[in-house]
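In order, the protein sequence lines correspond to chains A and B. Its first residue numbered 1, the first sequence is counted upward by one per residue in this note's numbering. Its first residue numbered 284, the second sequence is counted upward by one per residue in this note's numbering. The C-beta atom is built at its ideal place from N, Cα and C for all residues, glycine as well. Predicted, not measured: the structure shown is a model, and the values here were computed from it. Here is the structure we will look at.
Protein chains: 2
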Amino acid sequence: MTDQLRRPRVGHIQFLNCLPIYWGLMRSASLLDVDLHRDTPDQLNSALVAGDLDIGPISLVEYLRHADELLLLPDIAVGSDGPVLSVNLVSTRSPAELDGRPVALGSTSRTGVLLAQLLLADRYGAEPEYFRTPPDLSQMLRKADGAVLIGDPALRALYEAPKAGLTVTDLAQEWKDWTGLPMVFAVWAVRKDFAAAHPGQVKDVYEAFRRSKELCLAELDEVAEATSRWEPFDAATLAGYFRALDFSLGDRQISGLREFARRAAARGDVPALPVGGPEFVSF
Amino acid sequence: MTDQLRRPRVGHIQFLNCLPIYWGLMRSASLLDVDLHRDTPDQLNSALVAGDLDIGPISLVEYLRHADELLLLPDIAVGSDGPVLSVNLVSTRSPAELDGRPVALGSTSRTGVLLAQLLLADRYGAEPEYFRTPPDLSQMLRKADGAVLIGDPALRALYEAPKAGLTVTDLAQEWKDWTGLPMVFAVWAVRKDFAAAHPGQVKDVYEAFRRSKELCLAELDEVAEATSRWEPFDAATLAGYFRALDFSLGDRQISGLREFARRAAARGDVPALPVGGPEFVSF
């Protein structure tokens with residue numbers, strides 16, 4: 001097979017938050033036209049930056065660190081405009097009272113963890129002692145007064161922690177209350193070199209994701225029903241979760257992205273977004 | 284997530300001959316219910332034998348070598364009842380004249396290569412000097428009088444070799460002429476330990492493959508059209524290829540499988556199939 005015929009190497013996050021997109025890719029038969037690599041967000045971040053993938057989701061923080069090599073696909077992201085349900089601070093005291101206290105980070109999710117640190121520092125004036133640990137809530141709270149949980153363990157904690165008298169803070173809702181803007185956790189990016197060499201393929205992949213998003217939004221209850229079979233959540237819980245997610249990247253989401261970039265850069269956590277950024281692929 | 288909720292790990296051959304099955308899995312949304320590992324036949328053979336996969340396709344020869352650990356899924360296989368188009372001996376002389384001559388094996392496909400050796404030895408009384416080499420036909424025939432090609436290079440050779448005055452022998456058609464039976468190249472198997480522990484999951488995966496087969500047979504022209512975009516063959520050629528393939532495993536195919544096992548065991552290439560074998564999973 002010649003190089004020209006190589007299918008674009010596209011990343012896909014194998015977690016619940018991207019499952020609706022996968023559903024849509026299947027249902028539109030778009031999987032035939034991509035070489036899909038399903039992996040953890042961390043692995044996909046690294047692969048896209050290393051050039052082992054051409055197109056794929058990347059956490060906002062990693063995108064900001066490599067914005068000069070990447071272009072964003074329009075209209076697709078993973079975020080929320082209000083509660084996201086799956087990015088939570090669970091604590092024995094209020095966020096403001098965590099200053100100087102131990103807080104366990106139960107995830108390698110770069111954007112979620114940075115969001116927690118940024119909110120605690122800048123909104124609540126709290127600088128806890130952070131340490132990393134596996135995402136086991138009761139273990140975490142044996143050694144800490146707060147626990148940052150992301151993904152499935154966060155979703156579980158949302159339903160279980162209040163019964164144990166713990167405070168659950170939805171960090172995307174906090175962000176919205178603070179800034180008035182949606183939170184964007186991951187974006188879809190294409191490597192600049194690939195976009196220059198294969199503009200037609202990038203457009204096709206973009207169209208596939210766009211169709212996929214439309215399909216999955218139209219069939220969310222069906223996705224939830226099919227997924228509940230394999231997840232420790234019932235169909236109604238999953239449908240509520242999928243509906244909390246915001247897969248769009250419109251003007252408000254871009255403002256949220258810029259605001260996060262500005263605040264994270266001010267803390268020295270990421271380089272500043274170039275003026276006029278983020279840079280999108282043009283078709 | 285508990286172990287009980289783990290999706291079954293299912294193998295899928297990422298070559299053209301299994302693409303219709305993948306299409307069917309997509310179209311029936313069955314991919315949501317499996318942890319699909321797409322890989323080369325060799326890697327999938329090893330993974331299933333090693334217990335890194337629960338269910339998947341396995342070359343007939345590898346199945347025969349590990350029949351005591353595996354159960355077959357009913358009604359699904361990859362083979363042909365006549366020409367298969369993609370398992371070819373290309374030679375400068377007739378098969379019988381290859382005795383003592385160099386023959387290049389351009390594939391690691393275990394069943395295809397053994398079929399070539401078995402036909403040459405037992406049907407034509409020819410024992411060539413075999414050597415392995417990359418599947419480049421003109422390179423192969425610089426050093427050999429015959430070349431065994433499997434998969435895409437074999438399909439290409441089928442259309443190009445006759446123009447160069449070479450003889451193309453379709454090894455599945457030869458098998459049919461010789462034995463009157465279909466040839467089976469790969470079967471779908473489940474590990475006995477997994478089948479005992481998760482009978483319900485095995486049934487569901489089996490049903491998914493059955494639905495997939497029905498769907499892909501009903502939509503073969505569409506599969507061929509969609510696939511031609513990425514392959515060095517046009518839609519009509521691909522449709523012809525997909526129609527040459529036999530995805531069934533009925534009484535005649537099982538007789539073909541037993542006949543191959545008997546002849547291969549007589550040569551000492553595989554252990555004998557146990558009496559009454561192959562052993563199927565029962566639902």
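Subject >> Counterpart residues of Pro-340(B) in DSSP-defined beta bridges >> reply: For the purposes of this step, residue 340(B) is taken as the residue at position 57 of the second sequence. For Pro-340(B), which the question treats as bridged, DSSP gives the partners Trp-471(B).
Original post:
What are the residues of the stretch 494-518 of chain B that lie near chain A, defined by any Cβ-Cβ distance shorter than 9 Å?
Top reply: For the stretch 494-518 of chain B, the set of residues with a beta-carbon nearer than 9 Å to any beta-carbon of chain A comprises Glu-505, Val-506, Ala-509, Thr-510, Arg-512, Trp-513, Glu-514, Pro-515, in chain order.
**OP:** Run down chain B in chain order and give the residues with a C-beta less than 8 Å from the C-beta of Leu-73(A).
**Re:** In the first sequence, residue 73(A) corresponds to position 73, counting from 1. Simply none; closest approach about 21 Å.
**OP:** Answer with buried or exposed for Phe-516(B), where buried requires no fewer than 16 other C-beta atoms within 10 angstroms of its C-beta.
**Re:** As a first step, residue 516(B) is located in the second sequence; it is residue number 233 there, counting from the start. By the C-beta density criterion, Phe-516(B) is buried, having at least 16 other C-beta atoms within 10 angstroms.
Original post:
To which residues of the same chain is Asp-552(B) closer than 7 Å at the C-beta, ignoring the five residues directly before and after it?
Top reply: By one-based count along the second sequence, residue 552(B) stands at place 269. Leu-397.
**OP:** Using a Cβ-Cβ cut-off of less than 8 Å, give me the residues of the stretch 30-54 of chain A that come near chain B, in sequence order.
**Re:** For the stretch 30-54 of chain A, the set of positions with a beta-carbon nearer than 8 Å to some beta-carbon of chain B reads Leu-31, Leu-32, Asp-33 in chain order.
Original post:
So, Ser-70(A) versus Val-184(A), is the Cβ gap smaller than 8 Å?
Top reply: As a first step, residue 70(A) must be located in the first sequence, where it is residue number 70. As a first step, residue 184(A) must be located in the first sequence, where it is residue number 184. First, the amino acid is wrong: residue 70(A) is Leu here, not Ser. Taking 8 Å as the Cβ cut-off, Leu-70(A) and Val-184(A) do not qualify as a contacting pair.
Subject >> Tyr-413(B) (DSSP reduced to helix, strand or coil) >> reply: The residue labelled residue 413(B) in the question sits at position 130 within the second sequence. Looking at Tyr-413(B) - three-state DSSP - the assignment turns out to be strand.
Subject >> Ala-409(B) versus Glu-380(B) - alpha carbon distance >> reply: Within the second sequence, numbered from 1, the residue matching residue 409(B) stands at position 126. Within the second sequence, numbered from 1, the residue matching residue 380(B) stands at position 97. Taking the straight line from one Cα to the other gives about 7 Å.
Original post:
Roughly how many angstroms lie between the CA atoms of His-349(B) and Asp-358(B), to the nearest whole one?
Top reply: Your numbering for residue 349(B) matches position 66 in the second sequence. Your numbering for residue 358(B) matches position 75 in the second sequence. Taking the straight line from one Cα to the other gives about 20 Å.
**OP:** Decide if the stretch 248-257 of chain A is in contact with the stretch 443-458 of chain B; the criterion is three or more beta carbon pairs, one per stretch, under 8 Å apart.
**Re:** As far as the Cβ criterion goes, the stretch 248-257 of chain A does not touch the stretch 443-458 of chain B, which means the pair count is below three.
Original post:
Which same chain residues, not among the five before or five after Leu-347(B), have their C-beta less than 6 Å away from its C-beta?
Top reply: Within the second sequence, the letter at position 64 stands for residue 347(B). Excluding positions up to five away in sequence, the list reads Ala-544, Val-553.
Subject >> Same chain only: Cβ atoms within 7 Å of Ala-437(B), ignoring 5 sequence neighbours per side >> reply: Taking the first residue of the second sequence as 1, we reach residue 437(B) at position 154. Leaving aside the five residues that flank Ala-437(B) on each side, the residues in its chain whose CB is nearer than 7 Å to its CB run, in chain order, Ser-369, Val-370, Asn-371.
Subject >> At least three beta-carbon pairs within less than 8 Å, the stretch 138-155 of chain A to the stretch 299-309 of chain B >> reply: No contact exists between the stretch 138-155 of chain A and the stretch 299-309 of chain B.
Subject >> Contact with chain B by Met-1(A), beta-carbon distance below 8 Å >> reply: Position 1 of the first sequence, counted from the first residue, corresponds to residue 1(A). Residue confidence for Met-1(A) is low, a pLDDT of 38 falling below 50, so the modelled location carries little weight; the figure read from the coordinates is stated next. Judged by the 8 Å Cβ criterion, Met-1(A) is in contact with chain B.
Original post:
Given that Asp-16(A) touches chain B, what residues does it touch there, using C-beta distances under 9 Å?
Top reply: Taking the first residue of the first sequence as 1, we reach residue 16(A) at position 16. Residue identity differs from the one stated: residue 16(A) is Leu in this sequence, not Asp. Close partners of Leu-16(A) in chain B (Cβ separation under 9 Å) are lacking, with about 11 Å as the shortest Cβ gap.
**OP:** Determine, using beta carbons only, whether Gln-201(A) and Pro-41(A) come nearer to each other than 8 Å.
**Re:** Start at 1 with the first residue of the first sequence, and residue 201(A) comes out as number 201. Start at 1 with the first residue of the first sequence, and residue 41(A) comes out as number 41. The answer is no: Cβ separation not under 8 Å.
Subject >> Nonlocal neighbours in the same chain, by C-beta distance under 8 Å from Leu-220(A), ignoring five residues either side >> reply: Residue mapping note: residue 220(A) aligns to position 220 of the first sequence, counting from 1. Contacts found: Pro-20, Ala-239, Phe-242, Arg-243.
**OP:** Examine chain A for any beta-carbon lying closer than 8 Å to the beta-carbon of Arg-439(B), and answer yes or no.
**Re:** Mapped onto the second sequence, residue 439(B) falls at position 156. False, the Cβ-Cβ gap to chain A never drops below 8 Å.
Original post:
Thinking C-alpha only, which one of Gln-173(A), Pro-162(A), Thr-108(A) is nearest Val-148(A)?
Top reply: Position 148 of the first sequence, counted from the start, is the residue given in the question as residue 148(A). Distances from the alpha-carbon of Val-148(A) to those of Gln-173(A), Pro-162(A), Thr-108(A) put Thr-108(A) closest.
Subject >> Cβ shell of Ala-236(A) (< 8 Å), same chain only, five flanking positions each side left out >> reply: Working through the first sequence from its first residue, we reach residue 236(A) at position 236. The answer, listed in chain order, is Ala-224.
**OP:** Output yes if chain A places a C-beta closer than 8 Å to the C-beta of Arg-310(B); else output no.
**Re:** What you label residue 310(B) is simply residue 27 of the second sequence in a count that begins at 1. Interface residue (Cβ-Cβ distance to chain A less than 8 Å): Arg-310(B) is classified as such.
Original post:
At which residues does the alpha helix (DSSP H) containing Leu-432(B) begin and terminate?
Top reply: On the second sequence, position 149 is the one that residue 432(B) refers to. Going by DSSP, Leu-432(B) is part of no alpha helix (DSSP H) but of the beta strand (DSSP E) stretching over 429-433.
**OP:** Check the Cβ-Cβ distances between Leu-521(B) and every residue of chain A, and say whether any is below 8 Å.
**Re:** Within the second sequence, the letter at position 238 stands for residue 521(B). Leu-521(B) does not count as touching chain A.
Original post:
Is it true that the CB of Trp-23(A) sits closer than 8 Å to the CB of Leu-498(B)?
Top reply: In the second sequence, counting from the first residue as 1, residue 498(B) sits at position 215. In the first sequence, counting from the first residue as 1, residue 23(A) sits at position 23. Not a contact, by the Cβ cut-off of 8 Å.
Original post:
Who are the near neighbours of Lys-486(B) in its chain, counting only those whose CB is closer than 8 Å to its CB and skipping five residues on each side?
Top reply: Translated into the one-based positions of the second sequence, residue 486(B) becomes position 203. Answer for Lys-486(B): Phe-566, listed in chain order.
**OP:** Note down, in chain order, each residue of its chain lying with its Cβ closer than 8 Å to the Cβ of Asn-45(A), except the 5 sequence neighbours on either side.
**Re:** The residue you call residue 45(A) lines up with position 45 of the first sequence. The beta carbon of Asn-45(A) is closer than 8 Å to those of Ile-58, Ser-59, Glu-62, Arg-110 in its chain, skipping five residues each way along the sequence.
Original post:
Who are the neighbours of Arg-290(B) on chain A, taking C-beta pairs under 7 Å?
Top reply: As a working mapping, residue 290(B) is identified with position 7 in the second sequence. The answer, in chain order, is Trp-230.
**OP:** Could you tell me which residues DSSP pairs with Phe-563(B) in its beta bridges?
**Re:** As a first step, residue 563(B) must be located in the second sequence, where it is residue number 280. Here Phe-563(B) is bridged, per DSSP, to Leu-355(B).
Subject >> For Thr-237(A), three-class secondary structure by DSSP >> reply: Counting from one through the first sequence, the residue named residue 237(A) turns up at place 237. Helix at Thr-237(A).
Subject >> alpha helix (DSSP H) runs contained entirely in the stretch 137-183 of chain A, provided each spans 4 or more residues >> reply: For the stretch 137-183 of chain A, whole alpha helix (DSSP H) runs of length 4 or above, ordered along the chain, are 137-143, 152-160, 171-179.
Original post:
What is the C-beta distance between Val-293(B) and Leu-356(B), in whole angstroms, given that I count them as a contact (C-beta under 8 Å)?
Top reply: Here the question's residue 293(B) lines up with position 10 in the second sequence. Here the question's residue 356(B) lines up with position 73 in the second sequence. With 8 Å as the limit, Val-293(B) and Leu-356(B) do not qualify as a contact, their Cβ atoms being about 11 Å apart.
Subject >> Which listed residue (Phe-563(B), Phe-530(B), Gly-365(B)) has its alpha carbon closest to that of Lys-475(B) >> reply: For the purposes of this step, residue 475(B) is identified with residue 192 of the second sequence, where counting begins at 1. Ranking the options by Cα distance to Lys-475(B), first place goes to Phe-563(B).
**OP:** Going by CA-CA distance only, name the one from Ala-469(B), Val-470(B), Ile-433(B), Glu-443(B) that's closest to Pro-454(B).
**Re:** Numbered from its first residue, the second sequence carries residue 454(B) at position 171. According to the sequence as given, residue 454(B) is Leu; it is not Pro. It is Ile-433(B).
**OP:** Under the assumption that Arg-546(B) contacts Leu-401(B) (Cβ atoms under 8 Å), give the Cβ distance between them as a whole number of angstroms.
**Re:** Reading the second sequence from its first residue, position 263 is the one you call residue 546(B). Reading the second sequence from its first residue, position 118 is the one you call residue 401(B). Contact flag correct, Cβ pair sits at about 6 Å.
Original post:
Under three-state DSSP, which class holds Met-1(A)?
Top reply: For the purposes of this step, residue 1(A) is taken as residue 1 along the first sequence, with counting starting at 1. Confidence at Met-1(A) is low in this model, with a pLDDT of 38, below 50, so its placement is unreliable and the value that follows should be read with caution. Residue state, collapsed to three classes: coil.
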